[in-house]
Structures are given as structure tokens and as C-alpha cells.
Amino acid sequence: MTGAGFETLVVDPKDCVGDQSDWRRLAATALESNPFFGPDFLSPFLTHVGPSSVRLCVVRETAGGPWLIAAPVGRRRAGLVVPTATVWASEYGPLGAPLVAPGAPPQAVAAFLDLAAGAGGTPLVTIPYLPTEGAAARALATVADWHPVFDDPQERAAHDAGEQGQRQLLEAMTAKRRKELSRLSRRLADRGATRLVSHRGEAAADVFERFLVLEHAGWKGAHATSLLSDPATAAFARQMIAARAQAGSLRIDALMLDDRPLAMLVMLLEGARAFSWKIAYDEAFARFSPGQRVALFALETNLREPGLAGGDSLAVPGHPMISPLWRGRMVYATGLFARSPAGRLIRLAARLDLHAERQARRLARRLLRRG
Numbered sequence: 021m022t023g024a025g026f027e028t029l030v031v032d033p034k035d036c037v038g039d040q041s042d043w044r045r046l047a048a049t050a051l052e053s054n055p056f057f058g059p060d061f062l063s064p065f066l067t068h069v070g071p072s073s074v075r076l077c078v079v080r081e082t083a084g085g086p087w088l089i090a091a092p093v094g095r096r097r098a099g100l101v102v103p104t105a106t107v108w109a110s111e112y113g114p115l116g117a118p119l120v121a122p123g124a125p126p127q128a129v130a131a132f133l134d135l136a137a138g139a140g141g142t143p144l145v146t147i148p149y150l151p152t153e154g155a156a157a158r159a160l161a162t163v164a165d166w167h168p169v170f171d172d173p174q175e176r177a178a179h180d181a182g183e184q185g186q187r188q189l190l191e192a193m194t195a196k197r198r199k200e201l202s203r204l205s206r207r208l209a210d211r212g213a214t215r216l217v218s219h220r221g222e223a224a225a226d227v228f229e230r231f232l233v234l235e236h237a238g239w240k241g242a243h244a245t246s247l248l249s250d251p252a253t254a255a256f257a258r259q260m261i262a263a264r265a266q267a268g269s270l271r272i273d274a275l276m277l278d279d280r281p282l283a284m285l286v287m288l289l290e291g292a293r294a295f296s297w298k299i300a301y302d303e304a305f306a307r308f309s310p311g312q313r314v315a316l317f318a319l320e321t322n323l324r325e326p327g328l329a330g331g332d333s334l335a336v337p338g339h340p341m342i343s344p345l346w347r348g349r350m351v352y353a354t355g356l357f358a359r360s361p362a363g364r365l366i367r368l369a370a371r372l373d374l375h376a377e378r379q380a381r382r383l384a385r386r387l388l389r390r391g
């Protein structure tokens with residue numbers, strides 16, 4: 021498809037092993053950073069974990085010009101039944117903001133929605149985990165002929181930078197919390213030398229192996245949800261981490277007792293934001309709150325990072341550990357973009373379907389607690 025000054029592409033991210041410069045340039049300069057839609061994450065994810073049918077929908081300037089907007093798209097049920105064209109965000113990358121170049125014209129954004137709808141075979145495009153106040157949502161919402169609805173808005177822990185970020189840190193460090201953490205630090209110091217460290221660059225890829233072991237030794241390993249529980253997720257994670265470490269877009273923060281990691285947090289750095297991707301801790305030392313310690317250290321480190329505008333915890337809403345510590349909030353929702361009366365009718369069905377799925381999940385959780 022072509023338009024006034026732009027053209028569209030449908031690319032298999034698994035096959036993008038050659039020149040990725042246009043894709044990388046868009047990921048680095050996008051109006052809203054998303055570490056999960058760049059090549060270092062998306063290619064290994066879809067190679068090892070994601071469905072093979074997902075494709076990267078791209079709008080670029082004509083004659084092979086720079087990319088203007090891109091996101092992975094596949095056909096997926098909105099909830100339990102209704103199929104839609106879906107921007108592919110998942111629990112491994114819970115952020116659905118498409119990569120939008122600064123200055124991308126509304127016609128290019130409209131072409132992306134048209135392309136996504138065609139790829140999914142439906143006049144409804146669903147974007148989960150879409151920040152409702154972000155630049156990508158604003159760009160998508162201004163497109164003529166596509167009518168957005170933001171379903172089930174929620175908020176998760178985040179933090180700002182600068183003075184606002186410092187105020188959020190002060191709010192988190194209440195007198196009670198400061199006193200308790202100081203007490204726990206003294207008790208932990210009786211067992212050996214403690215230190216908080218950050219690992220960067222290619223050495224961080226080696227440190228990630230210790231993270232994998234730490235995560236697998238805890239409850240995630242017991243429930244077969246750790247990265248090491250499945251060879252496919254382990255291969256994806258290792259390939260992704262190695263690529264980001266080489267690119268300098270990875271940081272692993274750790275609380276150490278002598279040479280033993282008690283807690284580790286994997287931070288993905290993209291554009292002007294830091295994303296808290298994975299955290300693990302030694303459950304034998306849970307009474308010392310190692311997860312809190314490393315999460316606070318990550319926040320303090322982020323606030324010292326030059327050029328960083330904030331951080332996203334990527335945590336579930338109301339997470340009991342991170343929400344009291346990272347006091348900023350990021351509101352997100354499932355964006356439902358409909359074109360034509362048929363699209364709006366499907367959107368109504370999709371919203372009912374999403375509601376039914378949420379109710380089913382709540383019922384399942386109640387039954388599990390009773391069991």
C-alpha cells in the first residue's frame with residue numbers, strides 16, 4: 021500500500037537479521053519509548069516464544085525512506101471469543117505503545133491502523149497495555165475515520181525524574197520505613213558484607229545467568245513460571261539480554277551478601293525511560309526485605325541517570341512491594357480502535373468479551389483461594 025509520501029510494509033521480525041538500521045533508529049527516537057517493539061527484544065521473543073503468525077506492520081516514507089510507525093500485529097481474541105487485530109503486547113512485555121516517529125503525519129498513523137486491520141482481517145484494532153496519556157495514544161486518537169475507546173483503565177507503579185522524582189522518593193521513605201530498613205540492614209550486616217551494585221555493559225549478560233538461577237530457585241521455579249522452567253523462554257531471555265548488553269541498554273541492580281546475590285532487578289533502558297523487567301530474591305533471606313532494598317536502589321540509581329525522564333515498574337496494579345516505593349503512576353488501558361459501523365459493532369462485542377474474561381479470571385482466583 022502507498023499513500024502521499026509514504027508506503028507500508030509487513031515484515032517477519034524473525035527474519036530481520038540483516039540491516040536493522042531503520043528499525044533501530046525508529047526505536048531509539050520514538051515519541052514514546054517501548055523496549056519490547058525494537059529488534060533486540062521482539063526478534064528473539066517471536067523466534068522462541070511468540071506465535072509465528074505475528075508480523076511487524078510498518079509505515080515508512082516512500083522510496084525506502086525512514087520508518088514512521090511500527091508495531092507487531094497478530095490475530096487474537098480480545099477476551100474469550102471475539103477475534104481482533106491486536107498489537108502484540110504480552111506479560112513478557114506489558115507495553116503496547118507503537119513506535120511513532122516524531123513528526124509522523126496523521127495520514128501515516130491512519131495507514132498503520134489500516135495495515136494492522138488488514139493483517140488481522142477485522143475492522144477493529146486492539147492495543148493492550150496502551151498508556152492513555154502517552155504520545156502514542158495521542159497520535160492514534162487524532163486519526164480521522166478511526167474511533168478510539170479506552171477499555172478498563174488501570175494504573176501501575178512508575179516514577180518521574182528530577183524534582184518530582186525526588187519528591188516521590190521522599191514520600192516512599194517514610195520515617196517508619198526508613199527505621200525498619202535500617203534495622204534490617206544492621207541485622208543483615210551481622211551475616212557478612214553487604215553492598216548494592218549495578219552491572220552494565222556486556223558484563224551484565226554474564227551476571228544475568230546468576231539472575232536466572234536466583235529466580236528459578238524461588239517460587240517461580242516451584243510453579244514452573246521462571247525463565248529457566250522452559251528452554252524456549254530461557255533461550256529468548258538469554259538472546260535478548262545479550263543483545264541489550266552489547267548495545268548498552270541493560271542494567272542489572274543487585275543486593276549482595278559477600279558474593280551471594282540476595283536480590284536482583286533487571287532494568288531495560290530505552291530512550292529516556294527505564295523499565296523494571298524482572299526481579300528475583302533469595303527466599304531464605306525474605307525477612308530482610310531484599311526485594312524492597314533493590315527496588316529502592318534501582319529508583320535512586322534511575323534518578324541519578326543523566327537524561328532519564330522516568331521509570332516504569334511494569335508491575336501489576338497495586339503490587340504490594342513496588343507500589344509503595346515507586347510513587348508515580350502510569351495509567352494504561354486496552355485501546356479499541358474501530359473503523360466503520362461494522363468495526364464499532366465488533367468493538368461492542370469485544371468490550372463485552374473483555375468484561376467476561378475479567379469476570380472469569382476473578383472467579384478462578386476465588387476458587388483457587390478456597391481450594
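Using the numbering used here, you'd call the opening residue of the sequence shown number 21 and step up by one each time. Note that beta-carbon positions come from the ideal geometry of N, C-alpha and C, so glycine has one too. Since the structure is predicted, the reported quantities are computational estimates derived from the model, not experimental observations.
(1) Along the alpha helix (DSSP H) that carries VAL129, what are the first and last residues, could you check?
(2) Under a Cβ-count criterion, where at least 16 other Cβ atoms within 10 Å of its own Cβ denotes burial, should VAL101 be classed as buried or exposed?
(3) In the DSSP assignment, what residue or residues form a beta bridge with PHE308?
(4) Note down, in chain order, each residue of its chain lying with its Cβ closer than 6 Å to the Cβ of ALA436, except the 5 sequence neighbours on either side.
(5) Given that a residue counts as buried once 16 or more other Cβ atoms are within 10 Å of its Cβ, and exposed if not, what is TRP239?
(6) Please name the residue in THR106, PRO86 and LYS196 whose C-alpha comes closest to that of PRO122.
(7) Report the residue from GLY140, GLY58, ALA267 and THR67 whose alpha carbon sits nearest the alpha carbon of ARG96.
(8) Start and end of the beta strand (DSSP E) containing ALA294?
(9) Could you check whether the Cβ of ALA213 sits closer than 7 Å to any heavy atom belonging to the ligand FMN?
(10) State buried or exposed for ALA370, treating a residue as buried only when at least 16 other CB atoms are found within 10 Å of its CB.
(11) Pop quiz: PHE65 and TYR112 are said to be a contact at Cβ under 8 Å. What is the actual Cβ separation, rounded to whole angstroms?
(12) Pull up the distance between the alpha-carbon of SER53 and that of ALA47, whole angstroms please.
(13) In chain order, what residues of the same chain have a beta carbon less than 7 Å from the beta carbon of ARG207, not counting five sequence neighbours either side?
(14) To the nearest angstrom, how far is the alpha carbon of CYS36 from that of SER63?
(15) When the Cβ atoms of the segment 370–384 are set against those of the segment 199–219, are three or more pairs found closer than 8 Å?
(16) Let me check understanding here. Comparing Cα to Cα, which of PHE26, HIS68 and TYR352 lies closest to VAL129?
(17) Locate the beta strand (DSSP E) running through LEU334, then write down its first and last residues.
(18) Taking the alpha-carbon positions, what's the ALA157 to ALA213 distance?
(19) Tell me CYS36's beta-bridge partners as DSSP assigns them.
(20) On a Cα-Cα basis, can you pick out the residue from MET287, SER360, ARG258 and MET341 that is closest to ALA192?
(21) Whose C-beta lies closer than 8 Å to the C-beta of LEU334 among residues of the same chain, with five residues either side of it excluded?
(22) If you draw a straight line from the alpha carbon of SER343 to that of LEU150, how long is it in whole angstroms?
(23) Given this structure, state the Cα-to-Cα distance separating ASP60 from HIS68, to the nearest angstrom.
(24) Around the Cβ of ASP302, are there at least 16 other Cβ atoms within 10 angstroms (buried) or fewer (exposed)?
(25) Three-state secondary structure (DSSP) at MET284?
(26) Counting only the same chain and skipping the five closest in sequence on each side, list residues whose C-beta sits under 6 Å from that of ALA257.
(27) State buried or exposed for GLU397, treating a residue as buried only when at least 16 other CB atoms are found within 10 Å of its CB.
(28) To the nearest angstrom, how far is it from the Cα of LEU328 to the Cα of ASN322?
(29) Below 8 Å between beta carbons: does that hold for VAL233 and ILE272?
(30) Please classify GLY99 as buried or exposed, where buried requires at least 16 neighbouring CB atoms within 10 angstroms.
(31) Could you tell me which whole alpha helix (DSSP H) segments of length 4 or greater appear in the segment 155–239?
(32) DSSP beta-bridge partners for ILE261?
(33) Can you give the Cα-Cα distance for LYS34 and GLY355, rounded to whole angstroms?
(34) May I ask you to report which of helix, strand or coil DSSP gives LEU76?
(35) Compare the C-alpha of GLY268 against each of MET287, PRO103 and ALA83 and name the closest.
(36) Is DSSP giving ILE342 helix, strand or coil here?
Looking at the atomic coordinates:
(1) Locating residue 129 in the sequence shown gives position 109, where the first residue counts as 1. Taken as a continuous stretch (DSSP letters only), the alpha helix (DSSP H) holding VAL129 covers 126–140.
(2) In the sequence shown, the residue the question calls residue 101 occupies position 81. Classification for VAL101: exposed.
(3) For the purposes of this step, residue 308 is taken as the residue at position 288 of the sequence shown. According to DSSP, PHE308 bridges with nothing at all.
(4) No statement about residue 436 is possible, as the shown extent of the chain runs from 21 to 391 and does not include it.
(5) As a first step, residue 239 must be located in the sequence shown, where it is residue number 219. That one is exposed.
(6) Stepping through the sequence shown from its first residue, residue 122 is reached at position 102. That would be PRO86, whose Cα lies nearest to the Cα of PRO122.
(7) The residue given as residue 96 occupies position 76 in the sequence shown. Nearest option by C-alpha distance: GLY140.
(8) Residue 294 sits at position 274 when you count from the first residue of the sequence shown. 293–301 is the span of the beta strand (DSSP E), which, as asked, contains ALA294.
(9) The ligand content of the structure shown is nil, which means the ligand FMN is not present either.
(10) Mapped onto the sequence shown, residue 370 falls at position 350. Result: buried.
(11) Locating residue 65 in the sequence shown gives position 45, counting from the first residue. Locating residue 112 in the sequence shown gives position 92, counting from the first residue. Yes, they are in contact, since the Cβ atoms of PHE65 and TYR112 sit about 6 Å apart, within 8 Å.
(12) Here residue 53 refers to the residue found at position 33 of the sequence shown. Here residue 47 refers to the residue found at position 27 of the sequence shown. Straight-line Cα distance between these residues: approximately 7 Å.
(13) For the purposes of this step, residue 207 is taken as the residue at position 187 of the sequence shown. Around ARG207: PHE308.
(14) Sequence index remark: in the sequence shown, residue 36 carries index 16 (1-based). Sequence index remark: in the sequence shown, residue 63 carries index 43 (1-based). So the alpha carbons of these two residues sit roughly 8 Å apart.
(15) no
(16) Counting from one through the sequence shown, the residue named residue 129 turns up at place 109. Of the listed residues, the one whose Cα sits closest to VAL129 is PHE26.
(17) For the purposes of this step, residue 334 is taken as residue 314 along the sequence shown, with counting starting at 1. Neither: LEU334 is in no beta strand (DSSP E) and is coded neither H nor E.
(18) Numbered from 1 along the sequence shown, position 137 holds the residue referred to as residue 157. Numbered from 1 along the sequence shown, position 193 holds the residue referred to as residue 213. Whole-angstrom Cα-Cα distance: 47 Å.
(19) Stepping through the sequence shown from its first residue, residue 36 is reached at position 16. Its beta-bridge partners do not exist; DSSP assigns none.
(20) If you number the sequence shown from 1, residue 192 lands on position 172. For ALA192, the nearest C-alpha among the options comes from MET341.
(21) For this step, residue 334 is matched to residue 314 along the sequence shown. So the list reads PRO114, LEU115, ARG176, PHE295, SER296 and TRP297, once near-sequence residues are dropped.
(22) Your numbering for residue 343 matches position 323 in the sequence shown. Your numbering for residue 150 matches position 130 in the sequence shown. Each residue's alpha carbon lies about 19 Å from the other.
(23) To locate residue 60, count along the sequence shown from 1; it is residue 40. To locate residue 68, count along the sequence shown from 1; it is residue 48. Straight-line spacing of the CA atoms in ASP60 and HIS68 works out to 13 Å.
(24) Residue mapping note: residue 302 aligns to position 282 of the sequence shown, counting from 1. Counting other Cβ atoms within 10 Å of its Cβ, ASP302 reaches 16 or more and is therefore classed as buried.
(25) As a working note, residue 284 is residue 264 in the sequence shown. Reduced to three states, the DSSP call for MET284 is strand.
(26) For this step, residue 257 is matched to residue 237 along the sequence shown. Excluding residues within five positions, the ones whose Cβ falls inside 6 Å are LEU247.
(27) It is not possible to answer for residue 397, since the shown part of the chain is limited to 21 through 391.
(28) Position 308 of the sequence shown, counted from the start, is the residue given in the question as residue 328. Position 302 of the sequence shown, counted from the start, is the residue given in the question as residue 322. C-alpha separation (whole angstroms): 7 Å.
(29) Within the sequence shown, residue 233 is the residue found at index 213, counting from 1. Within the sequence shown, residue 272 is the residue found at index 252, counting from 1. Contact: no.
(30) One-based indexing of the sequence shown puts residue 99 at position 79. Buried, by the Cβ-count rule.
(31) 155–161, 182–192, 195–209 and 223–236
(32) Here residue 261 is taken as the residue at index 241 of the sequence shown, counted from 1. Answer by DSSP bridge pairing: none, since ILE261 is not bridged.
(33) Along the sequence shown, one-based indexing puts residue 34 at 14. Along the sequence shown, one-based indexing puts residue 355 at 335. In a straight line, the C-alpha of LYS34 is about 26 Å away from that of GLY355.
(34) Residue 76 sits at position 56 when you count from the first residue of the sequence shown. Residue state, collapsed to three classes: strand.
(35) Locating residue 268 in the sequence shown gives position 248, counting from the first residue. Cα-wise, what sits closest to GLY268 is MET287.
(36) Here residue 342 refers to the residue found at position 322 when the sequence shown is read from its first residue. Coil, per DSSP.
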